[in-house]
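*Asks:* Mind looking over this structure? Questions follow.
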Amino acid sequence: MIDKGYISGSTRLLVLNVLQEKACHGYEIIKVLKLRSNDVFDMKEGTLYPILHKLENDEYIISKNEMVNGRMRKVYHITDKGVKVLAEDKAQWKEFSSAVNQVIAFGG
Amino acid sequence: MNRVRKLILNTLVIICSLFLIYYFGGFYISKETCDLHTMRSFYVNETTYIMEFSNNNYTKTIYANPEEKTMSIVGSKRMGFWHQTASSSTGHKIDMNNKLDTFGSYSRDFGGMITVVYRNDSAIDKVEVCYDDGFCVVLDDWKQDFAGVFIKDKMWQNGIYKAYDNQGNLIAEISY
Amino acid sequence: MKREEFLQLITKQIQYVFDRKDIEEELNQHIEDSILDMVDDGIQYLEAEKIAIQQMGNPVEIGKQLNKEHHPLVGYLLLLSKIVICLLIIPMILIGIILVRDMYYVFTPTTVSGAETILKIHEQVDIPTHRIMIDNLCYKDDTYYLTYRSLKNFGYSRTGWDTDSFDIVDVTGEFLMGSSFRDSNLFGGAGYAIFKMPEDRVLYLRFQNEKLVVIDLLEYGYE
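Chains as they are written, first to last, in my numbering: chain S, 1 to 108; chain P, 1001 to 1176; chain C, 2001 to 2223.
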């Protein structure tokens, strides 16, 4: 299990990335994250929802009630504003992670 | 649009609507300004407050302009904090040739008639008014040489106005 | 913990009451999906339900985090503002209609219905309380009409009573004006005055402050 500290800083990046590819409902997002990260990202599922609702308040994603697999669900779509902030987050992450890599490479 | 923005937008819409209602609805915060604006409609601009009569939320205020020797009866109605023009408002040029002059107004909204007398002779102590139907009233509460009364539920009637000095002598008489 | 109890614990933390139902539905749906996936993998329904609930996390924590995103103050104020707007809709529509109609009267020169507009005068007169626009000379059934509009100055009066009237006299000072008609609107008024056409075709308009405005109809093209 990864330290929660690393995860919370980058959840926006992770969630927006999933939604950029495809609009999903909550459970789908969890499944994709688990799958892609080979279970490294295995967070408490309920904590996804405050994150999603906050992203919606910030207008990075928008929810619509849609029919999925025979049931009405709240499906989240990324917005233009969200696409922009995702690109910024990705750029920042690259900068951050390469800096960390450089420092620890040096340390040995 | 997120909730905060919707709230701000709604608040702006509400403020604008309320302002439009306030402005075009003729609502005034001060009765004095409301009366002043009403008087502008009969070319009276500067006045001094003399007295007023109220009935429920209707008020008729008596104003006078000492330079031009005019007096006005101005109606207003109160709704909570707000005042609006109401009932009939009229002006009258005081007859300075007589010792006594009178003016009045009746409106159904206000609920009765008002009669006001002006004494052009400081010897006048009281004025007795008797109407055609036998109703009589005495006016002796002088405010800047004006005295008036509000007679509830009385329709406009002609009356005889008799002015007496403090010895009881008849000084002037008019019929109005 | 039972599912019912779990969801109640979460929604109890949401102070803006009207969002509770949606949140409960969304979370319930998630638990359902989770259970179905586990049932597909061969786990018993009741067992799957227990696991699914456990995997969700601490309900009170989740509820508190969600409450931050469903701020009660904003929620209730927005609801209140919507109610107030609903109450204001009818007065606003009425005012809107009156405003639009009155603005039309303000911006279009007055004419007399059924009468022929024989001269466009369009003369502006400023008196202390109003701006008056003498619009047209109209003619119908041997009668001459002088039409006008008036705009009250800002701060003049909001009581609806206005003084924008004028007299029409001829060069000797004799009254030419007969009857008149005036309609009040939110911005002032509009109307017309019927008058007797003078021989020299010159009208003198006398306003309240003794201001005199000369309208020589010949100059405007009257024949």
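Idealized CB from N, CA, C, for every residue including glycine. Keep in mind the model is a prediction, meaning the values are calculated, not measured.
Exposed or buried, residue 2138 (chain C), counting other C-beta atoms within 10 Å across all chains shown (16 or more means buried)?
*Replies:* buried
*Asks:* Against chain C, with Cβ distances strictly below 8 angstroms, would residue 59 (chain S) count as a contact?
*Replies:* no
*Asks:* Would the segment 35 to 49 of chain S count as touching the segment 2054 to 2074 of chain C if we require 3 or more Cβ pairs under 8 angstroms?
*Replies:* yes
*Asks:* Would residue 2200 (chain C) and residue 2171 (chain C) qualify as a contact pair, given that the criterion is a beta-carbon distance under 8 angstroms?
*Replies:* yes
*Asks:* Measure from the C-beta of residue 1002 (chain P) to each C-beta in chain S and report whether the shortest distance is under 8 angstroms.
*Replies:* yes
*Asks:* Near residue 1173 (chain P), which residues of its chain fall below 6 angstroms by C-beta distance, leaving aside the five closest residues on each side in sequence?
*Replies:* 1162
*Asks:* Alpha carbon to alpha carbon, what distance is there between residue 2186 (chain C) and residue 1031 (chain P)?
*Replies:* 21 angstroms
*Asks:* For residue 65 (chain S), which of helix, strand or coil comes out of DSSP?
*Replies:* In the structure shown, residue 65 (chain S) sits in a strand (DSSP, three-state: E or B).
*Asks:* Three-state secondary structure (DSSP) at residue 72 (chain S)?
*Replies:* Annotated three-state conformation of residue 72 (chain S) is strand, per DSSP.
*Asks:* Over the uninterrupted beta strand (DSSP E) stretch that includes residue 2206 (chain C), give me the two end residues.
*Replies:* 2202 to 2207
*Asks:* Does the beta carbon of residue 2074 (chain C) sit closer than 8 angstroms to a beta carbon anywhere in chain A?
*Replies:* Here the protein chains are S, P and C, and chain A is not one of them.
*Asks:* Residue 1125 (chain P): which of P:1169, P:1154 and P:1091 sits nearest, CA to CA?
*Replies:* P:1169
*Asks:* Going along the chain, which residues of its own chain have a beta-carbon closer than 7 angstroms to the beta-carbon of residue 2001 (chain C), five neighbours each way excluded?
*Replies:* Around residue 2001 (chain C): 2053.
*Asks:* What distance in whole Å lies between the Cβ atoms of residue 1028 (chain P) and residue 1109 (chain P), which are believed to be in contact at a cut-off of 8 angstroms?
*Replies:* In fact, because the Cβ distance is near 18 angstroms, the residues do not count as touching under 8 angstroms.
*Asks:* Contact between the segment 2070 to 2090 of chain C and the segment 2108 to 2128 of chain C is defined here as three or more beta-carbon pairs at a separation below 8 angstroms; is this criterion met?
*Replies:* No, the segment 2070 to 2090 of chain C does not touch the segment 2108 to 2128 of chain C.
*Asks:* Please look up how many angstroms separate the CB atoms of residue 1085 (chain P) and residue 1066 (chain P), rounded, as I've assumed it's under 8 angstroms.
*Replies:* That belief does not hold up - the Cβ atoms of residue 1085 (chain P) and residue 1066 (chain P) are roughly 24 angstroms apart, past 8 angstroms.
*Asks:* Could you tell me how far apart the beta carbons of residue 2078 (chain C) and residue 1003 (chain P) are, in whole angstroms, since I believe they sit closer than 8 angstroms?
*Replies:* 6 angstroms
*Asks:* Is the Cβ-Cβ distance between residue 1026 (chain P) and residue 2155 (chain C) less than 8 angstroms?
*Replies:* no
*Asks:* State the start and end residues of the unbroken alpha helix (DSSP H) segment that holds residue 2013 (chain C).
*Replies:* Here residue 2013 (chain C) belongs to no alpha helix (DSSP H), and DSSP marks it neither H nor E.
*Asks:* So, helix, strand or coil for residue 1076 (chain P), using DSSP?
*Replies:* Look at residue 1076 (chain P) here: in three-state DSSP terms it is strand.
*Asks:* Using a beta-carbon distance below 8 angstroms, is residue 2105 (chain C) in contact with chain P?
*Replies:* no
*Asks:* Using 8 angstroms as the cut-off, can you tell me whether the segment 2133 to 2147 of chain C makes contact with the segment 2058 to 2066 of chain C, which would need three or more C-beta pairs spanning the two stretches below that distance?
*Replies:* No contact exists between the segment 2133 to 2147 of chain C and the segment 2058 to 2066 of chain C.
*Asks:* Nearest CA to the CA of residue 1094 (chain P): which residue from P:1087, P:1118, P:1076 and P:1113?
*Replies:* P:1118
*Asks:* Where residue 1143 (chain P) and residue 2105 (chain C) are concerned, what is the direct C-alpha to C-alpha distance, given to the nearest angstrom?
*Replies:* Residue 1143 (chain P) and residue 2105 (chain C) have their C-alpha atoms spaced approximately 46 angstroms apart.
*Asks:* Excluding five sequence neighbours on each side, which residues of the same chain lie with their C-beta closer than 6 angstroms to the C-beta of residue 69 (chain S)?
*Replies:* Cβ neighbours of residue 69 (chain S) beyond the five flanking positions: none.
*Asks:* Count the other C-beta atoms from every protein chain shown that fall within 10 angstroms of the C-beta of residue 2124 (chain C), then say buried if there are 16 or more, exposed otherwise.
*Replies:* Burial call: exposed.
*Asks:* For residue 2030 (chain C) and chain S, any beta-carbon pair shorter than 8 angstroms?
*Replies:* yes
*Asks:* Which residue from S:53, S:82, S:11 and S:89 puts its Cα closest to that of residue 33 (chain S)?
*Replies:* S:11
*Asks:* Mind reading off the beta-carbon distance from residue 1055 (chain P) to residue 1152 (chain P)? Whole number of angstroms is fine, and I expect it under 8 angstroms.
*Replies:* 7 angstroms
*Asks:* Can you find the residues in the same chain that come closer than 7 angstroms, C-beta to C-beta, to residue 2095 (chain C), ignoring five residues on each side of it along the sequence?
*Replies:* none
*Asks:* So if DSSP puts residue 2192 (chain C) in a beta bridge, which residue, or which two residues, is it bridged to?
*Replies:* C:2147 and C:2181
*Asks:* Taking DSSP as the reference, what is the three-state secondary structure of residue 2176 (chain C)?
*Replies:* Look at residue 2176 (chain C) here: in three-state DSSP terms it is coil, with no helix or strand label.
*Asks:* For residue 1111 (chain P), which residues from the same chain have a beta carbon less than 8 angstroms from its beta carbon, with the 5 sequence-adjacent residues on both sides left out?
*Replies:* Here the set comprises 1055, 1056, 1058, 1152 and 1153.
*Asks:* Please check if any C-beta of chain P sits within less than 8 angstroms of the C-beta of residue 2162 (chain C).
*Replies:* Yes - at least one Cβ of chain P is within 8 angstroms of the one on residue 2162 (chain C).
*Asks:* Do you know offhand how far residue 74 (chain S)'s Cα is from residue 2092 (chain C)'s?
*Replies:* 36 angstroms
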